[in-house]
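Q: Can you read through this structure? Questions will come right after.
Protein chains: 6
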Amino acid sequence: MTISSTSPDVRNLVAAWLAEDIGRGDVTTNSVVPGEAFGRARLEAREPCVVAGMAVAALCFELTAERFDGMLEFKEVVGDGGRVEAGEVLARIEGPLAPILTAERTALNLLARLCGVATITSRYVDAVAGTKTQIVDTRKTTPGMRNLQKYAVTVGGGSNHRFGLDDGILVKDNHLIAAGGVTEALARARSGAPHGLRIEVEVANLEELKEALDGGVEAILLDNMSPETVAEAVRINEGRALLEVSGGINLDTVRSYAMTGVDLISVGALTHSAPSIDLALEFLESELEE
Amino acid sequence: MTISSTSPDVRNLVAAWLAEDIGRGDVTTNSVVPGEAFGRARLEAREPCVVAGMAVAALCFELTAERFDGMLEFKEVVGDGGRVEAGEVLARIEGPLAPILTAERTALNLLARLCGVATITSRYVDAVAGTKTQIVDTRKTTPGMRNLQKYAVTVGGGSNHRFGLDDGILVKDNHLIAAGGVTEALARARSGAPHGLRIEVEVANLEELKEALDGGVEAILLDNMSPETVAEAVRINEGRALLEVSGGINLDTVRSYAMTGVDLISVGALTHSAPSIDLALEFLESELEE
Amino acid sequence: MTISSTSPDVRNLVAAWLAEDIGRGDVTTNSVVPGEAFGRARLEAREPCVVAGMAVAALCFELTAERFDGMLEFKEVVGDGGRVEAGEVLARIEGPLAPILTAERTALNLLARLCGVATITSRYVDAVAGTKTQIVDTRKTTPGMRNLQKYAVTVGGGSNHRFGLDDGILVKDNHLIAAGGVTEALARARSGAPHGLRIEVEVANLEELKEALDGGVEAILLDNMSPETVAEAVRINEGRALLEVSGGINLDTVRSYAMTGVDLISVGALTHSAPSIDLALEFLESELEE
Amino acid sequence: MTISSTSPDVRNLVAAWLAEDIGRGDVTTNSVVPGEAFGRARLEAREPCVVAGMAVAALCFELTAERFDGMLEFKEVVGDGGRVEAGEVLARIEGPLAPILTAERTALNLLARLCGVATITSRYVDAVAGTKTQIVDTRKTTPGMRNLQKYAVTVGGGSNHRFGLDDGILVKDNHLIAAGGVTEALARARSGAPHGLRIEVEVANLEELKEALDGGVEAILLDNMSPETVAEAVRINEGRALLEVSGGINLDTVRSYAMTGVDLISVGALTHSAPSIDLALEFLESELEE
Amino acid sequence: MTISSTSPDVRNLVAAWLAEDIGRGDVTTNSVVPGEAFGRARLEAREPCVVAGMAVAALCFELTAERFDGMLEFKEVVGDGGRVEAGEVLARIEGPLAPILTAERTALNLLARLCGVATITSRYVDAVAGTKTQIVDTRKTTPGMRNLQKYAVTVGGGSNHRFGLDDGILVKDNHLIAAGGVTEALARARSGAPHGLRIEVEVANLEELKEALDGGVEAILLDNMSPETVAEAVRINEGRALLEVSGGINLDTVRSYAMTGVDLISVGALTHSAPSIDLALEFLESELEE
Amino acid sequence: MTISSTSPDVRNLVAAWLAEDIGRGDVTTNSVVPGEAFGRARLEAREPCVVAGMAVAALCFELTAERFDGMLEFKEVVGDGGRVEAGEVLARIEGPLAPILTAERTALNLLARLCGVATITSRYVDAVAGTKTQIVDTRKTTPGMRNLQKYAVTVGGGSNHRFGLDDGILVKDNHLIAAGGVTEALARARSGAPHGLRIEVEVANLEELKEALDGGVEAILLDNMSPETVAEAVRINEGRALLEVSGGINLDTVRSYAMTGVDLISVGALTHSAPSIDLALEFLESELEE
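What follows is the structure, given as structure tokens:
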């Protein structure tokens with residue numbers, strides 16, 4: 178997925194987020210800033226980060242300019258995926274000041290969060306560099322921002338797990354309890370689910386791993402195991418199923434898991450605990466249009 | 178504000194967030210879990226926190242149960258504002274297993290974030306205990322979740338700043354540039370804005386503070402000043418305007434600012450960097466309904 | 178606020194209003210008017226008025242032309258705020274006849290009402306000319322048209338009171354009953370409401386006025402008092418609180434109230450009883466496009 | 178049509194109108210009124226009127242109570258169609274005070290306008306009592322309120338003309354210009370429109386009346402004629418087409434038109450210039466729930 | 178009605194239908210097709226048909242291209258109403274391959290159904306060629322597609338009956354039962370319905386026909402009668418009411434009904450059983466953009 | 178999937194479809210049928226069919242009854258999956274006549290189409306009885322009705338293919354052209370798509386089949402091959418990939434394909450050419466409520 182600023186989903190979300198902040202109108206700007214004031218601003222990073230979400234930020238400013246019957250120019254300086262240092266300029270904005278001021282907070286709120294996801298993802302990806310392991314996200318995303326956060330994960334070099342409950346089968350421990358065991362659960366999954374979906378099962382130990390492999394599953398989620406146990410799981414698997422590791426993995430331990438040869442390491446923190454990057458909008462000058 | 182699970186705004190948001198995860202349906206649960214499976218689960222905290230958002234979590238489960246034409250019981254054990262330790266039970270859920278499994282991730286995603294906001298807020302509030310200073314939030318909220326996050330701030334003991342650009346006037350540095358100075362900006366604000374709104378101005382130093390006081394503003398935001406400068410500002414103010422402090426304040430420094438006697442300290446981190454609390458849903462047992 | 182024809186709120190409202198009239202399509206125009214018929218029309222006032230809402234009227238025609246895959250030209254002759262006599266032309270419209278005929282009624286329905294609001298407002302404003310008093314509106318607006326009506330009030334020279342229940346605090350008699358008295362009500366308002374909002378209280382007599390002043394309120398609504406009592410209230414106030422007068426004031430009495438020196442006179446009739454101005458669309462000629 | 182408070186259209190409109198006023202929440206009520214305050218209020222007319230819209234008013238209070246997770250009782254004292262004097266009670270409301278206060282303005286704004294339409298309609302209907310003429314409305318309705326206003330017209334004893342451009346054919350002078358004359362217009366209407374719709378043509382004089390009758394139209398709108406000319410038109414018509422009169426008719430002249438024997442008199446003022454009836458909500462007492 | 182690709186109704190429907198297929202994104206195209214791949218395709222008929230819906234098909238491709246921030250060219254080769262043989266090209270599409278592939282199925286699903294309606298309609302129309310009888314549709318349309326299907330009926334040479342329950346009066350047998358007989362039903366219809374609508378009654382035999390004629394109805398639906406009985410009905414009617422025939426008429430029998438001189442024959446099969454025309458999109462070549 | 182009448186998706190769709198037919202109101206029923214008329218009706222099949230969609234039909238009547246502030250009872254006699262003969266009763270409906278009449282057409286339009294899909298599906302399923310082959314649907318569904326049609330396929334004994342472009346990967350010939358060949362396409366799919374989705378490729382001949390098997394695909398769509406070629410493909414496959422057959426298969430030929438041992442036969446006609454089953458609503462009696 179790429180973010181398309183003209184996709185109806187993205188436009189509708191951004192419009193709703195702008196409406197959440199603007200409400201009936203920006204009373205400060207509307208009363209204080211002359212309608213004909215014109216100027217330039219630059220969007221800067223105040224800490225190092227991987228940039229993600231520039232199209233969405235631009236859309237915030239552009240949709241707001243439409244409210245004022247005006248047009249502004251959002252010139253991207255660094256594109257998504259760029260790595261910047263503190264103080265670097267991400268974009269220059271030129272046009273009427275009112276919509277720039279009105280859109281500022283929503284644009285920064287979004288961009289700061291998406292850059293945060295891309296940045297933390299890139300750290301995990303860097304940590305496993307040289308191994309065959311992919312860093313993948315989870316469904317532990319911020320409600321309403323899943324697609325954008327998952328996009329930011331790919332910008333940071335990660336891959337995407339399921340986008341929702343409807344595009345992948347992942348049988349977890351609770352499902353096994355509800356179904357009455359692995360055999361029954363797998364039989365039900367195989368007969369009841371669309372044939373285009375792989376069947377993945379979560380296992381808590383090596384016994385369950387073997388049971389799942391005997392059941393012919395195509396992917397296995399190794400939950401909360403030590404690197405040593407994971408390494409043993411890789412040996413047992415013999416390349417049959419795709420192996421995913423999850424649970425309590427952090428930047429300090431991720432490489433030791435990757436060295437076992439697993440295919441995927443999923444990290445909830447990419448989206449539930451990504452830092453918000455410090456960004457700022459600096460106004461350079463202002464003049465009244467003549 | 179309190180969260181009303183029957184407010185149309187909250188219901189629509191939660192329904193949209195559930196739809197984001199459920200999409201065309203939970204293929205795993207639908208194929209693996211027998212429709213007649215019935216059971217109990219408990220919602221637990223895995224780390225200490227201040228609880229916020231229980232009504233929204235309940236709504237996730239209830240709206241999902243409606244999709245399955247079923248009904249479940251969500252029994253709240255700890256209400257919003259409760260302080261819990263790791264391992265404590267927040268709620269017990271009883272009913273058909275399918276909707277519980279389908280709603281689980283969205284409910285936890287929301288609750289974990291709202292508990293996070295309440296928890297970090299409570300730390301700031303505790304840090305200024307005994308002073309007259311209020312901890313307030315900012316507009317640096319997660320897009321789409323502003324009202325819920327601001328509610329969680331109050332649960333944690335904080336107060337709310339503006340809810341949007343339309344219910345308060347805050348003239349920032351960029352507005353001053355655009356308006357052509359403090360005098361002009363204040364004159365414009367006074368004549369152009371609805372009379373029900375107070376006028377607050379951001380100042381960067383004590384000279385600007387005096388200028389704002391001379392202009393008769395009702396609230397002043399002291400931006401990025403040391404505790405010493407803030408103390409001096411309090412003296413100069415002589416109780417005339419409401420004084421708010423903001424910028425680079427953390428748990429280590431917040432008390433030294435509060436000791437100066439300012440009215441408000443606003444902290445963006447309450448909403449842009451709150452931790453996501455670790456929560457879990459444990460299934461206790463399962464049985465087929467007869 | 179200015180009406181922006183590209184604001185999503187305004188566009189959505191106008192589209193909904195057009196849909197209310199057009200339904201599944203204009204069966205008369207679609208069957209009677211040849212698709213290729215082209216012509217000119219002029220929009221006229223049939224009685225003197227202050228013009229307001231031209232951008233919304235233009236939007237009615239433009240959005241309807243889009244339905245017909247056509248484009249028309251709406252040339253504004255008199256802008257918002259212009260004062261016209263009976264027979265004056267407000268705009269000229271040129272293009273395919275079908276969308277002009279289909280949009281006509283909705284456009285006139287809107288424009289007639291907004292001109293009505295601006296016109297009656299201007300009469301009140303004229304009546305207090307030379308005094309310091311501002312004429313302000315109330316929340317007694319037509320459901321669905323609040324923002325547009327409040328815009329028309331400003332076009333007529335008036336000012337806006339609250340836009341809704343969320344951007345201003347006005348403690349009325351019923352609130353006082355519910356809260357258990359002025360002291361309790363003010364204490365609750367001061368601690369519970371966002372600090373960016375002024376606190377205004379309605380008082381019914383001079384005793385309550387003094388009580389409110391003692392409570393330090395920032396604005397006071399003098400309800401249903403005679404000009405003499407209002408004059409006494411102004412003396413008692415000594416410039417401390419903003420004073421607003423309301424209740425049973427009409428064009429004959431408004432000046433006597435303004436002469437007392439109050440700050441604001443709010444008039445519900447600006448929006449709940451504004452006359453609908455008589456407007457007409459005259460077709461000048463018609464020809465088939467070749 | 179009757180107003181059904183459970184119709185999705187009515188509920189959605191009322192919800193949108195409440196949202197227009199409530200916005201992010203009623204800051205006055207939320208901060209000043211204790212959540213547990215409970216009481217009674219009565220809805221009164223302050224001037225004589227025909228009542229219309231009680232179900233919509235009730236819906237305003239009920240939907241608002243849902244926001245507060247509460248329930249209130251709206252006891253209708255006078256139903257739609259009732260004629261009341263100044264001071265009469267229309268309804269009694271009992272329940273938590275907060276939602277009553279929050280819903281009050283929207284409920285009164287709606288009810289005052291609908292009672293106004295029913296009241297003015299009833300005056301026209303009374304004026305033609307004893308004749309065969311029906312008083313009908315037009316499409317000169319308030320945008321967004323057409324169906325409710327047309328319902329109020331029937332409550333006042335009037336009948337409804339077209340609800341929109343899609344459920345009736347009315348060929349006006351501009352259509353004739355666009356089509357190139359009566360003959361061509363009627364031929365086009367007959368072949369192009371659904372066969373379930375009658376064809377009505379507007380005529381400006383008796384020559385056009387004859388032409389229309391020769392063309393076999395089923396209804397004729399006599400535009401802006403004197404009672405004498407209308408009487409002549411009735412004679413010429415000999416009962417063939419339905420005859421409607423319109424244009425500049427008021428309460429003083431309407432009976433003289435009705436006496437001519439026309440079938441319908443359409444009056445734009447029923448909806449574009451109906452007075453807003455003065456209504457009030459009186460709180461009787463208040464107590465805290467125990 | 179003509180299909181306007183810029184009408185808000187049509188755009189919203191098409192956008193919703195695209196969303197139904199695309200969901201969170203076209204994972205095949207997004208992963209397999211390079212973003213810069215560019216090419217040409219042609220849209221072909223694989224069986225003879227009357228073309229209808231080209232503007233809607235074009236809209237599918239254009240709206241999808243917007244999602245990819247791209248633009249493609251949809252060149253219509255055969256317009257609505259054109260009759261084509263198997264193998265004929267309807268349109269040529271040129272542009273980025275990704276949106277063409279993503280939109281393909283929705284576009285074909287729509288176009289195949291609309292061409293189907295136009296094609297079957299044209300067969301009925303051809304079958305009654307030379308008579309005065311019009312072929313009309315019914316309300317037995319596919320939910321969600323009524324307006325488009327009714328448009329396709331007109332493309333095929335047919336006419337439209339009611340578009341919904343609100344733009345025509347058709348009193349059926351069940352209404353007669355509910356009202357308590359023809360006399361009562363007609364009296365109620367005449368007094369209760371807007372005067373712009375004709376009154377049509379369904380009759381099951383010639384006795385009822387006479388009763389309806391005596392009641393002065395303007396149109397009569399002859400339900401499930403033989404051609405002989407219909408011929409007798411035409412004689413009895415003597416041109417007074419519009420006569421419509423319905424019930425169990427197919428391509429073999431339609432002409433014998435038309436020969437009786439009835440005005441309208443309504444055929445539910447035009448929309449409830451129209452064949453889906455076999456169409457295909459052929460890719461001609463592909464190249465990477467440089 | 179099962180149809181849940183309380184799922185927001187289903188309710189919203191049904192409400193929109195009812196609105197499409199009802200528009201501003203059922204003028205016939207509203208004027209002709211007394212509001213207090215009460216009665217019973219039965220829903221019958223007029224030809225043999227497999228029943229599907231009873232919950233949706235019930236919802237049509239129930240949602241319409243809400244509009245009339247009434248309640249009716251819909252008693253299902255035959256549930257989804259039941260096989261009925263001509264003349265059998267599917268449901269009995271009891272309550273106020275007005276909503277029954279108003280909802281009738283939409284309910285029948287929906288039910289007739291869903292029963293049609295279930296019925297034709299059951300014929301294909303019966304035709305392959307005793308083989309291991311599953312009958313599956315395609316994305317050639319009616320826009321707006323995909324989920325309901327796919328549900329009806331399962332009622333008829335079939336299985337579901339992809340629900341949209343986002344929950345399965347199917348690389349078709351056009352994708353191969355765009356990607357530049359099978360090897361490149363598979364490599365791209367494997368690296369770019371979420372790991373939870375199987376990769377299916379369409380092949381046109383046995384050479385491509387071998388190439389796909391070498392590429393390690395998990396499912397192969399054999400397009401437009403004879404039963405003999407399919408049998409050869411089954412032999413070559415040796416159970417490695419899931420084999421699906423598609424293209425030009427009808428009720429006469431489907432068994433010969435199933436006998437080859439393929440896993441799936443997908444049939445577009447299940448949804449694009451299902452017959453509309455002839456259903457009727459019979460009113461039994463009517464009486465006025467006292």
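Residue numbers (our numbering), protein chains in the order written: chain X, 178 to 467; chain F, 178 to 467; chain W, 178 to 467; chain G, 178 to 467; chain S, 178 to 467; chain Y, 178 to 467.
Using N, Cα and C, we set each Cβ at its ideal position, and we do this for glycine too.
From this set, Arg269(W), Val261(W), Gly392(W) and Glu197(W), which residue's C-alpha is nearest Ile376(W)'s C-alpha?
A: Position 199 of the third sequence, counted from the first residue, corresponds to residue 376(W). Checking every option, the nearest Cα to that of Ile376(W) belongs to Gly392(W).
Q: Helix, strand or coil for Ser299(S)? Go by DSSP, reduced to three states.
A: Within the fifth sequence, residue 299(S) is the residue found at index 122, counting from 1. Helix, per DSSP.
Q: Taking the C-alpha atoms as reference points, what is the distance between Gly293(G) and Met231(G)?
A: Start at 1 with the first residue of the fourth sequence, and residue 293(G) comes out as number 116. Start at 1 with the first residue of the fourth sequence, and residue 231(G) comes out as number 54. In a straight line, the C-alpha of Gly293(G) is about 13 Å away from that of Met231(G).
Q: Tell me the DSSP secondary structure of Ser450(S) in three-state form.
A: As a working note, residue 450(S) is residue 273 in the fifth sequence. Coil at Ser450(S), not helix or strand.
Q: Which residues in chain F sit within 8 Å of Gly341(Y), going by Cβ to Cβ distance?
A: For this step, residue 341(Y) is matched to residue 164 along the sixth sequence. Chain F residues near Gly341(Y): Arg201.
Q: If you measure beta-carbon to beta-carbon, which residues of the region 312-324 of chain S are closer than 8 Å to chain W?
A: Within the region 312-324 of chain S, those residues whose Cβ lies closer than 8 Å to any Cβ of chain W are, in chain order, Asn324.
Q: Under 9 Å Cβ-Cβ, which residues of chain C neighbour Pro185(W)?
A: The chain inventory of the structure shown lacks chain C, comprising the protein chains X, F, W, G, S and Y.
Q: Under 8 Å between the Cβ atoms of Ala192(Y) and Pro185(G)?
A: As a position in the sixth sequence, residue 192(Y) is number 15, starting the count at 1. As a position in the fourth sequence, residue 185(G) is number 8, starting the count at 1. Less than 8 Å divides the Cβ of Ala192(Y) from the Cβ of Pro185(G).
Q: Where does Ala214(W) sit, in a helix, a strand or coil, going by DSSP?
A: To locate residue 214(W), count along the third sequence from 1; it is residue 37. DSSP places Ala214(W) in strand when its eight states are reduced to three.
Q: Name the residues in the region 370-400 of chain W whose C-beta lies less than 7 Å from a C-beta of chain F; which are they?
A: So the list reads Pro371, His372, Gly373, Leu374, Arg375, Glu377 and Ala396, given in the order they occur along the chain.
Q: In the DSSP assignment, find the unbroken beta strand (DSSP E) run with Ala396(G) in it and report its ends.
A: Position 219 of the fourth sequence, counting from 1, holds the residue named residue 396(G). It spans Ala396 to Asp400 - the beta strand (DSSP E) in which Ala396(G) sits, taken as one unbroken run.
Q: Out of Ala214(Y), Gly425(Y) and His449(Y), which one is the CA nearest neighbour of Thr318(Y)?
A: Translated into the one-based positions of the sixth sequence, residue 318(Y) becomes position 141. Of Ala214(Y), Gly425(Y) and His449(Y), the residue nearest in Cα terms is His449(Y).
Q: Below 8 Å on C-beta distance, what does Asn337(F) contact in chain W?
A: The residue labelled residue 337(F) in the question sits at position 160 within the second sequence. What Asn337(F) touches in chain W: Pro371.
Q: Excluding the 5 residues flanking Glu471(W) on each side, which residues of the same chain have their C-beta closer than 8 Å to its C-beta?
A: Outside the shown range of chain W, which is 178 to 467, sits residue 471(W), and nothing can be said about it.
Q: In angstroms, rounded to a whole number, what distance separates the CA positions of Leu447(W) and Leu190(X)?
A: Locating residue 447(W) in the third sequence gives position 270, where the first residue counts as 1. Locating residue 190(X) in the first sequence gives position 13, where the first residue counts as 1. If I take the Cα positions, the gap works out to 37 Å.
Q: Suppose you measure from the CA of Arg290(S) to the CA of Leu287(Y); what does that come to, to the nearest Å?
A: Indexing the fifth sequence from 1 puts residue 290(S) at position 113. Indexing the sixth sequence from 1 puts residue 287(Y) at position 110. Each residue's alpha carbon lies about 16 Å from the other.
Q: For Thr406(G) and Leu386(G), I'd like the C-alpha separation in whole angstroms.
A: Taking the fourth sequence and counting its residues from 1, the one referred to as residue 406(G) is at position 229. Taking the fourth sequence and counting its residues from 1, the one referred to as residue 386(G) is at position 209. Distance between the alpha carbons of Thr406(G) and Leu386(G): 11 Å.
Q: So within the region 276-342 of chain S, which uninterrupted alpha helix (DSSP H) runs reach at least 4 residues, ignoring any that extend past its ends?
A: Taking only runs of at least 4 residues, the alpha helix (DSSP H) segments lying wholly in the region 276-342 of chain S are 323-332.
Q: What did DSSP end up calling Phe238(Y) once you bin it into helix, strand or coil?
A: Sequence index remark: in the sixth sequence, residue 238(Y) carries index 61 (1-based). Reduced to three states, the DSSP call for Phe238(Y) is helix.
Q: Could you check what DSSP says for Arg120(S) in three-state terms: helix, strand or coil?
A: A query on residue 120(S) cannot be resolved here, the shown segment of chain S reaching from 178 to 467 and no further.
Q: Take the Cβ of Gly425(G) as the centre, count every other Cβ of all protein chains shown within 10 Å, and call the residue buried at 16 or more, exposed below.
A: Along the fourth sequence, one-based indexing puts residue 425(G) at 248. Exposed, since its Cβ has fewer than 16 Cβ neighbours within 10 Å.
Q: Please state whether the Cβ-Cβ distance between Pro273(G) and Phe340(G) is less than 8 Å.
A: Within the fourth sequence, the letter at position 96 stands for residue 273(G). Within the fourth sequence, the letter at position 163 stands for residue 340(G). Result no, Cβ atoms of Pro273(G) and Phe340(G) do not sit closer than 8 Å.
Q: Using a 10 Å radius around the Cβ and a threshold of 16 neighbouring Cβ atoms, would you call Ser453(G) buried or exposed?
A: Here residue 453(G) corresponds to residue number 276 of the fourth sequence, with the count starting at 1. Result: buried.
Q: Run through chain G and tell me which residues come within less than 8 Å of Ile346(S), C-beta to C-beta.
A: As a working note, residue 346(S) is residue 169 in the fifth sequence. Correct list: Gly373.
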